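Colleague: The following block contains the structure, expressed as structure tokens.
Number of protein chains: 2
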Amino acid sequence: MDNKFEVPEPGNDLLEKADQVRIASIKVSQTENDNRIKALNFMADFLEKNTNEIIEANNEDYIRAEKKGISKALLSRLKLPKEKLNLGIEGVRKVGDLIDPVNHVQIRRELSEGLILERKTVPIGVLGVIFESRPDAVMQISSLAIRSGNGVILKGGSEANFTNSAIVEALQQGLHESGLDRNAICLLTNRKDSMSMLKLDKYINLIIPRGSNELVQFIQANTRIPVLGHADGICHLFIDYEANLEMALSVALDSKIQYPAACNAIETLLVHKDIASVFLEKAIPLFNSNDVKLIGDKRSVELGVKYEASQEDWQTEYLDLILSIKIVDDIEEAITHIQKFSSRHTDGIITENFNSANKFMNSVDSSGVFHNCSTRFADGFRYGFGAEVGISTQTLPPRGPVGLEGLVTYKYFLKGNGNIVEDFSTGNAFYTHKDL
Amino acid sequence: MDNKFEVPEPGNDLLEKADQVRIASIKVSQTENDNRIKALNFMADFLEKNTNEIIEANNEDYIRAEKKGISKALLSRLKLPKEKLNLGIEGVRKVGDLIDPVNHVQIRRELSEGLILERKTVPIGVLGVIFESRPDAVMQISSLAIRSGNGVILKGGSEANFTNSAIVEALQQGLHESGLDRNAICLLTNRKDSMSMLKLDKYINLIIPRGSNELVQFIQANTRIPVLGHADGICHLFIDYEANLEMALSVALDSKIQYPAACNAIETLLVHKDIASVFLEKAIPLFNSNDVKLIGDKRSVELGVKYEASQEDWQTEYLDLILSIKIVDDIEEAITHIQKFSSRHTDGIITENFNSANKFMNSVDSSGVFHNCSTRFADGFRYGFGAEVGISTQTLPPRGPVGLEGLVTYKYFLKGNGNIVEDFSTGNAFYTHKDL
Chain R
1 MDNKFEVPEP
11 GNDLLEKADQ
21 VRIASIKVSQ
31 TENDNRIKAL
41 NFMADFLEKN
51 TNEIIEANNE
61 DYIRAEKKGI
71 SKALLSRLKL
81 PKEKLNLGIE
91 GVRKVGDLID
101 PVNHVQIRRE
111 LSEGLILERK
121 TVPIGVLGVI
131 FESRPDAVMQ
141 ISSLAIRSGN
151 GVILKGGSEA
161 NFTNSAIVEA
171 LQQGLHESGL
181 DRNAICLLTN
191 RKDSMSMLKL
201 DKYINLIIPR
211 GSNELVQFIQ
221 ANTRIPVLGH
231 ADGICHLFID
241 YEANLEMALS
251 VALDSKIQYP
261 AACNAIETLL
271 VHKDIASVFL
281 EKAIPLFNSN
291 DVKLIGDKRS
301 VELGVKYEAS
311 QEDWQTEYLD
321 LILSIKIVDD
331 IEEAITHIQK
341 FSSRHTDGII
351 TENFNSANKF
361 MNSVDSSGVF
371 HNCSTRFADG
381 FRYGFGAEVG
391 ISTQTLPPRG
401 PVGLEGLVTY
411 KYFLKGNGNI
421 VEDFSTGNAF
431 YTHKDL
Chain Y
1001 MDNKFEVPEP
1011 GNDLLEKADQ
1021 VRIASIKVSQ
1031 TENDNRIKAL
1041 NFMADFLEKN
1051 TNEIIEANNE
1061 DYIRAEKKGI
1071 SKALLSRLKL
1081 PKEKLNLGIE
1091 GVRKVGDLID
1101 PVNHVQIRRE
1111 LSEGLILERK
1121 TVPIGVLGVI
1131 FESRPDAVMQ
1141 ISSLAIRSGN
1151 GVILKGGSEA
1161 NFTNSAIVEA
1171 LQQGLHESGL
1181 DRNAICLLTN
1191 RKDSMSMLKL
1201 DKYINLIIPR
1211 GSNELVQFIQ
1221 ANTRIPVLGH
1231 ADGICHLFID
1241 YEANLEMALS
1251 VALDSKIQYP
1261 AACNAIETLL
1271 VHKDIASVFL
1281 EKAIPLFNSN
1291 DVKLIGDKRS
1301 VELGVKYEAS
1311 QEDWQTEYLD
1321 LILSIKIVDD
1331 IEEAITHIQK
1341 FSSRHTDGII
1351 TENFNSANKF
1361 MNSVDSSGVF
1371 HNCSTRFADG
1381 FRYGFGAEVG
1391 ISTQTLPPRG
1401 PVGLEGLVTY
1411 KYFLKGNGNI
1421 VEDFSTGNAF
1431 YTHKDL
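Residue numbers (our numbering), protein chains in the order written: chain R, 1 to 436; chain Y, 1001 to 1436.
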């Protein structure tokens, strides 16, 4: 996607739709926990009821996509067989079981007699979600949005338009049946609208892109709306000289091959020079037997790594069975390399020395810093969040794997009995600042 | 400031400086609470020691500014007499007394046997602060930055360059004396650099603009770095028909005149039609006697308001003794007006009816929603935060008045003993997700 592409101004149709979602989202934001759980159950019920329509719509999409000669990988992501749909429906119900993220009291404080401040979590408002293929994402994201009291504007890949429309129709029926405004979930089906979405900063409070790095980068460069996500996942593992060798081999392998296309898989292995030869002696055949192509710096090539790395390799997310290896003189060099090339997603160290581990974890400024375990654990489900909205590599919260908690913000409620500031400057009133 | 102004690419000098701050900030981020308190005390000590140099530098700035014919308002903000400097120094020590925002454990969870997840607050990294005149801001912002373990790049108004340089020199001496890297505080003194700062997204993690609405808007439109601040403060007060009349008058007056140039002063008063005539009968003379110019919609003009409002008035932040008044049919109309025109800073309601108050507070999506008290309470000091970095009208946190807490983010620390994800998919390990 070309970064110079001009984002079109939203048309009146889109503005009107967005305003409907905004109004519906305000209503949803005021519902009780029970209402929202009920809505999720109705949404799941209607997905079940409409199963045939959804499967038919998906077949239609599939046939058209095949005719267009779309790649096999895309076709397989587009396909929504009944079992996958059922898993999605089960997922919707499960989101209902998660703890309500709304209405948590974070501060409750008497500012002065009779003047009470509360800070409570509230929904963000309207989420804008842009995703590629994978129609099951519609169910997941919509249920997370409603669970957290938000409205959502969805834009999927055009090749899944029939499927996405059928799913959203069922979800809207469920919303309506439960007494909520069906407009709280809205699907955009033409490409122009999806781009114009990026200019709806008066209506959309958070953009969540789910797709390729290019998609995310394009969105980040073309909107003033906050974006939850990550463009790159360049993760590192540093094998310290005081590492347990067996552990280092096992964790390095898992971090690379357990699911190489994941953002939390490592792209670069940094190896302390004092352990490099013993480590590589075992690591090279291990990676070779697992079909991992190794690319290394000069020193590691001298120790048997087959291909020499270019500067480009240190900043490449392979998303594949390829691993770059660099030998470093000490932990400082490892940290400096990571600070330079890491996408601040997840970086780990293997060492038996706790001081070194602490130094590493404090110096590396990534959302996840791991000691003696696989980088593949960087994931909302594994962290125990129940569901994951995405992984953010922003510095400010929400950061790292984001669960429902990332879909709420907070608001200050101040209740008084006629209190005025002037009384405090004249000495007729004073602050108590007492937490209640 | 012209929004079309092209932000210049940062030069090598600036890149190098920014990198020094980044490296220093990593060191500061690893210091203990005691170190940072000690640093603040040394910073205050050196400000005291260097008082003469600072006052002289300020005189130099003042003389030059007078010659240039700078406005009286700007001149008075530029002036740093000894008493004001002493207050600033006292402020630096007070920031030392605030609770350490770093290292708070937010999550501590066993993911599986021997695999422990912690989420802890950590400094953001490097703050970029752009402010106009007011050299005391340098002391305040620098102390907040160091207190929270961050580095800071400052750019003040060029008319205060001598003063700011003398203050920063003292602060850096204090840092150095306490054992910290003096580069953690950096002052930019030319205008080109201050603009190029907006492109330092690899070095600066948060921009804090302190100045006019135009400055903030320009910055928001020209950087990919998150911006903490607000461009507008269009605050509303709604007088419900079930309001206590005396309270309504007193709170409305305080919200407007207690400090009209503040962002939390109201610009628009919405009055329920059923109370409009009795309220305005008393409010008009009250505001008149306090030199407030009233501008109203047709109906309020019929009830005695002197000037008729144009559409423009509802979206104008007067920052002056001017108030626009609109009569509404019901609470829904008030809420709709606020949703349309509010800058989502602070909006209040005066009513004795708790249902109406709740409806208002839940529907109005501003960072502060107030019931029966003055909007002027929207302030970090009044909220009990000890010090205020700024007020954010963003939806996502940090939102509203932001204290030290807004200068930290969090990071996930995962510690294991060789745990790999593959073991969980083969059933050799399982998740416990037990909060500790």
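Using N, Cα and C, we set each Cβ at its ideal position, and we do this for glycine too.
On a predicted model such as this, the values are computed, not experimentally measured, just so you know.
Only counting runs of 3 or more residues, tell me where the beta strand (DSSP E) segments fall wholly within the stretch 215-265 of chain R, in order along the chain.
Modeller: Those beta strand (DSSP E) runs which fall completely within the stretch 215-265 of chain R and span 3+ residues are 235-239.
Colleague: Could you have a look at Tyr-448 of chain R and say whether DSSP puts it in helix, strand or coil?
Modeller: Since the first residue of chain R shown is 1 and the last is 436, residue 448 of chain R is not available in this structure.
Colleague: Determine the contact status of Arg-1109 of chain Y and Leu-1436 of chain Y, defining contact as a CB-CB distance below 8 Å.
Modeller: It is a contact, given that the beta carbons lie within the stated cut-off.
Colleague: Using a beta-carbon distance below 8 Å, is Asn-1372 of chain Y in contact with chain R?
Modeller: For Asn-1372 of chain Y, the answer is yes, since a Cβ of chain R falls inside 8 Å of its Cβ.
Colleague: In three-state DSSP terms, what is Asp-1034 of chain Y?
Modeller: Residue state, collapsed to three classes: helix.
Colleague: Beta-carbon within less than 6 Å of Gln-20 of chain R's beta-carbon, same chain only, minus the 5 sequence neighbours each way: which residues are those?
Modeller: Closer than 6 Å at Cβ, skipping near neighbours: Asn-183.
Colleague: Should the stretch 1368-1384 of chain Y be called in touch with the stretch 336-344 of chain R, which here means at least 3 C-beta pairs below 8 Å?
Modeller: As far as the Cβ criterion goes, the stretch 1368-1384 of chain Y does not touch the stretch 336-344 of chain R, which means the pair count is below three.
Colleague: Measuring alpha carbon to alpha carbon, tell me which of Y:Ile-1420, Y:Arg-1399, Y:Thr-1426, Y:Ser-1425 ends up nearest Gly-1114 of chain Y.
Modeller: Looking at the Cα atoms, Y:Ile-1420 is the closest of the given residues.
Colleague: Give the DSSP bridge partners of Arg-134 of chain R, in chain order.
Modeller: Beta-bridge pairing links Arg-134 of chain R to no other residue.
Colleague: Hey, Asn-362 of chain R and Gln-1106 of chain Y are a contact pair by Cβ (cut 8 Å); roughly how many whole angstroms apart?
Modeller: That belief does not hold up - the Cβ atoms of Asn-362 of chain R and Gln-1106 of chain Y are roughly 17 Å apart, past 8 Å.
Colleague: Report the three-state DSSP secondary structure of Tyr-412 of chain R (helix, strand or coil).
Modeller: DSSP places Tyr-412 of chain R in strand when its eight states are reduced to three.
Colleague: Report the three-state DSSP secondary structure of Ile-335 of chain R (helix, strand or coil).
Modeller: In this structure, Ile-335 of chain R counts as helix in the three-state DSSP scheme.
Colleague: At a CB-CB cut-off below 8 Å, which residues of chain R make contact with Asp-1254 of chain Y?
Modeller: Result: Ile-420, Val-421, Glu-422.
Colleague: Using only the alpha-carbon positions, how far apart do Thr-1426 of chain Y and Leu-15 of chain R sit?
Modeller: One C-alpha to the other measures close to 50 Å.
Colleague: Closer than 7 Å by C-beta to Asn-41 of chain R: which residues in its own chain qualify, once you throw out the five before and the five after it? Chain order, please.
Modeller: The residues are Arg-93, Gly-96.
Colleague: Output yes if chain Y places a C-beta closer than 8 Å to the C-beta of Pro-135 of chain R; else output no.
Modeller: It does not: the Cβ of Pro-135 of chain R has no partner Cβ on chain Y nearer than 8 Å.
Colleague: From the beta carbon of Lys-1094 of chain Y, is the nearest beta carbon of chain R less than 8 Å away?
Modeller: For Lys-1094 of chain Y, the answer is no, since every Cβ of chain R falls outside 8 Å of its Cβ.
Colleague: Using a C-beta cutoff of 8 Å, does Ile-26 of chain R count as contacting chain Y?
Modeller: Yes, contact with chain Y.
Colleague: What residues in its chain sit with their C-beta under 7 Å from that of Val-1102 of chain Y, if we drop five residues either side in the sequence?
Modeller: Excluding positions up to five away in sequence, the list reads Thr-1121, Val-1122, Pro-1123, Ser-1148, Gly-1149, Val-1408.
Colleague: Measure the alpha-carbon distance for Ser-1194 of chain Y versus Asp-181 of chain R and round it to whole angstroms.
Modeller: For Ser-1194 of chain Y and Asp-181 of chain R, the distance between alpha carbons rounds to 48 Å.
Colleague: Please state if the CB of Val-1152 of chain Y and the CB of Ala-1145 of chain Y are separated by a distance shorter than 8 Å.
Modeller: Closer than 8 Å, so yes.
Colleague: If we count Cβ pairs, one from each stretch, closer than 8 Å, do we get three or more for the stretch 296-307 of chain R versus the stretch 325-336 of chain R?
Modeller: Contact between the stretch 296-307 of chain R and the stretch 325-336 of chain R is present, because at least three Cβ pairs lie under 8 Å.
Colleague: By Cβ distance, which residues of its chain are closer than 6 Å to His-1104 of chain Y, with the 5 residues on each side in sequence left out?
Modeller: The answer, listed in chain order, is Thr-1121.
Colleague: Whose Cβ in chain Y lies nearer than 8 Å to the Cβ of Tyr-431 of chain R?
Modeller: Neighbours of Tyr-431 of chain R on chain Y, chain order: Arg-1382, Gly-1384.
Colleague: Decide if the stretch 387-396 of chain R is in contact with the stretch 1132-1140 of chain Y; the criterion is three or more beta carbon pairs, one per stretch, under 8 Å apart.
Modeller: With a cut-off of 8 Å, the stretch 1132-1140 of chain Y and the stretch 387-396 of chain R do not count as touching, because too few Cβ pairs lie within range.
Colleague: Apart from the five residues just before and just after Asp-523 of chain R, which ones in its own chain have a Cβ nearer than 7 Å to its Cβ?
Modeller: Here chain R covers residues 1 to 436 and nothing more, so residue 523 of chain R does not appear.
Colleague: Using the C-alpha atoms, what's the distance from Lys-359 of chain R back to Ile-199 of chain R?
Modeller: This sequence places Lys at residue 199 of chain R; Ile is not what is there. In a straight line, the C-alpha of Lys-199 of chain R is about 43 Å away from that of Lys-359 of chain R.
Colleague: Taking the CB atoms as reference points, tell me whether Gly-1348 of chain Y and Phe-1381 of chain Y lie closer together than 8 Å.
Modeller: Taking 8 Å as the Cβ cut-off, Gly-1348 of chain Y and Phe-1381 of chain Y do not qualify as a contacting pair.
Colleague: Kindly list the residues whose CB is nearer than 6 Å to the CB of Arg-1022 of chain Y, restricted to its own chain and excluding five residues on each side of it in sequence; keep chain order.
Modeller: Closer than 6 Å at the Cβ level, and outside the excluded window around Arg-1022 of chain Y, lie Val-1126, Tyr-1203.
Colleague: Between which residues of its own chain and Ile-322 of chain R is the CB-CB distance below 6 Å, once the five residues before and five after are set aside?
Modeller: Lys-293, listed in sequence order.
Colleague: Taking the beta strand (DSSP E) that Leu-111 of chain R falls in, what are its first and last residues?
Modeller: Note, Leu-111 of chain R: beta strand (DSSP E), 105-112.
Colleague: What number of angstroms, rounded off, separates the C-alpha of Tyr-410 of chain R from the C-alpha of Asn-1264 of chain Y?
Modeller: Those two C-alpha atoms are separated by around 18 Å.
Colleague: First and last residue of the alpha helix (DSSP H) that includes Asn-161 of chain R?
Modeller: It spans 161-177 - the alpha helix (DSSP H) in which Asn-161 of chain R sits, taken as one unbroken run.
Colleague: Helix or strand or just coil, what does DSSP make of Met-1 of chain R?
Modeller: With a pLDDT of 44 at Met-1 of chain R, under the threshold of 50, the modelled position of this residue cannot be trusted; read the value that follows with caution. In the structure shown, Met-1 of chain R sits in coil (DSSP, three-state: anything other than H, G, I, E or B).
Colleague: Who are the neighbours of Asp-1097 of chain Y on chain R, taking C-beta pairs under 8 Å?
Modeller: Within 8 Å Cβ-Cβ: nothing; Asp-1097 of chain Y doesn't reach chain R, min ~14 Å.
Colleague: Between Ala-953 of chain Y and Ile-1331 of chain Y, is the Cβ-Cβ spacing less than 8 Å?
Modeller: No answer is possible for residue 953 of chain Y: it lies beyond the span of chain Y, which begins at 1001 and ends at 1436.
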